[in-house]
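> Note that the working numbering has the sequence shown beginning at 156, numbered continuously upward. Below you will find the structure I want to go over with you.
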Amino acid sequence: MQQSPLIDMLGRQGVTRRGFLKYCATLASLMALPPAAGRAMAEAIGAVRRPSVIWLPFQECTGCTESITRSHSPTIEGLIFEAISLDYQETLMAAAGHRAEAARDAAIRDNFGKYLLVVDGSVPLGAEGAYSCIGGRSNVDILREAAKGAAAIICVGTCSSYGGIPHANPNPTGAVAVSDVIKDKPIVNIPGCPPIPVVMTGVLAHYIAFGSLPELDAKNRPKAFFGETIHDRCYRRPFYDQGKFAKTFDDEGARKGWCLFELGCKGPVTHNACATVKWNGGTSWPVESGHGCLGCSEPDFWDAGSFYKALSQPSGPLNVGLAATAGGLATGAAVTVANRAKKSAARASHRTITVEDLEK
Ligand code: SF4
Ligand code: SF4
């Protein structure tokens, strides 16, 4: 791989070329891409083509931006942000007020038809959009305008993907997802409250490298990261299969690391990559820290989650989902095992990509 200004810049920040290649290899492996794709990703990111990205924050708590800026290996993950031209991001940009709005207008005008539009936060439609405005304009108005010139829209977080917490009952602002408003553009949903940083940078890296979006599922989520449930890949799964469940958060079973299903874990019906990618530099993830999955990356998670009720208790749509898809818990376990075998077989066609593959 040729040396590039980006690699030189990373070198000055203490990131080695090998570290950069390892990051690209890891991303490509996570996305189940073949070794050649990992190399293309490294070369394209290194070439710094800098596609324009406009990031609109609507009805949100800034948690998604916080998550991205605290991504693991900040310097290497930050390279994704060096490889794009982040032309508008209210929280991170230096400009404010009229200058910020002018920067957004210029980015839309100069890159019409080519920029990526990133959205975090839901879109309030109540009171003609008056619940959330920027510079005197409603979120829905700004979204419609910015979406017209976007090549694709990336919804970061559960709020922009499904409406999220603002959408929870009684939804006083009439909050909806981006896909409820925009119907004529490719949309990628990266749900999670907050979403996993590597998933976000993985989607951006794929677009930078190949000029296209990764393969999506029926809910427009990247299959590579949302193709399995938390339960499919959970390290406590053997205890679930053996029927060993913690009954309280501090009993003997909890101390032995038994399954948290009876304490309300929503892992069996939640699609996300927490169990494999983990959080905080791959340090840990909620179930590893002793708390069940809340189902934060599923639609209606706040209303449907009922955090500490086990899925077997009739308490909401997530439970209905489990019953409907698995026909009850016993069958559910069998279905999940069968799914896991099928997915493992599919994955077997792509071996893990190494740094050596990329250095060839
Ligand atoms: S129910 Fe939760 S804790 Fe138990 S195996 Fe599934 S994901 Fe892990
Ligand atoms: S473990 Fe579940 S609730 Fe926690 S971040 Fe992952 S998907 Fe969300």
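C-beta atoms are modelled at their ideal positions from N, C-alpha and C, and glycine is treated no differently.
Report the CB separation of Ile209 from Ala307 in whole angstroms; it is logged as a contact under 8 Å.
So it is not a contact: roughly 12 Å between Cβ atoms.
> In the DSSP output, which residue or residues are listed as bridge partners for Asn344?
Paired residue(s): Cys310.
> Under a Cβ-count criterion, where at least 16 other Cβ atoms within 10 Å of its own Cβ denotes burial, should Asn294 be classed as buried or exposed?
Looking at its Cβ environment, which holds 16 or more other Cβ atoms inside 10 Å, Asn294 is buried.
> Please tell me whether, using a cut-off of 8 Å, the distance from the CB of Gly454 to the nearest non-hydrogen atom of ligand 2 is below it.
This sequence places Pro at residue 454; Gly is not what is there. Because no heavy atom of ligand 2 lies under 8 Å away, the Cβ of Pro454 does not count as near it: no.
> For Thr425, collect the residues of the same chain with a Cβ closer than 7 Å to its Cβ; drop the 5 residues on either side in sequence, then sort them by chain order.
Thr384, Ile385, Cys448, Gly450, Ser452, Glu453.
> By Cβ distance, which residues of its chain are closer than 7 Å to Gly329, with the 5 residues on each side in sequence left out?
Hits under 7 Å: Pro279, Leu280, Gly281.
> Taking only the alpha-carbon atoms, compute the straight-line gap between Gly357 and Trp457 and give it to the nearest angstrom.
Spanning the two alpha carbons is a distance of roughly 27 Å.
> Any idea if Asp405 is buried or exposed, counting beta-carbon neighbours within 10 angstroms, 16 or more meaning buried?
Per the 10 Å Cβ criterion, exposed.
> Where does Tyr390 land, buried or exposed, given buried means 16+ other C-beta within 10 angstroms?
Classification for Tyr390: exposed.
> Residues in the same chain with beta-carbon distance under 6 Å from Met196, minus the five sequence neighbours each way, listed in chain order, please.
Answer for Met196: Cys179, Ala183, Ala360, Ala364, listed in chain order.
> Just tell me which of Glu407, Gly398, Lys402, Gly347 has its CA closest to the CA of Phe381.
Comparing Cα positions, the closest option is Gly347.
> Answer with buried or exposed for Asp387, where buried requires no fewer than 16 other C-beta atoms within 10 angstroms of its C-beta.
When all chains shown are included, Asp387 counts as buried.
> How many whole angstroms separate the CB atoms of Leu211 and Leu298, which I take to be in contact at a CB cut-off of 8 Å?
7 Å between Cβ atoms; contact.
> Between the alpha carbons of Ala322 and Arg292, how many angstroms are there, rounded?
It is His, not Ala, that sits at residue 322 in the sequence shown. C-alpha separation (whole angstroms): 21 Å.
> For Leu176, tell me which candidate among Leu185, Leu188, Glu198, Pro189 has the shortest Cα-Cα distance.
Answer by Cα proximity: Glu198.
> Please classify His426: does DSSP put it in a helix, a strand, or coil?
Residue state, collapsed to three classes: strand.
> Determine the DSSP secondary structure at Val432, reduced to helix, strand or coil.
Here Val432 sits in helix by DSSP.
> Quick check: what's the CA-CA separation for Lys374 versus Thr181?
The straight-line gap from Cα to Cα measures roughly 25 Å.
> Based on the DSSP secondary-structure assignment, which residues constitute the bridge partners of Trp440?
Paired residues: none, contrary to the question.
> Less than 8 Å separating the Cβ of Ala459 from some heavy atom of ligand 1?
Answer for Ala459: no, Cβ out of range of ligand 1.
> Given a threshold of 16 other Cβ atoms within 10 Å of its Cβ, counted over all protein chains shown, does Gln397 qualify as buried or as exposed?
With fewer than 16 other Cβ atoms within 10 Å, it is exposed.
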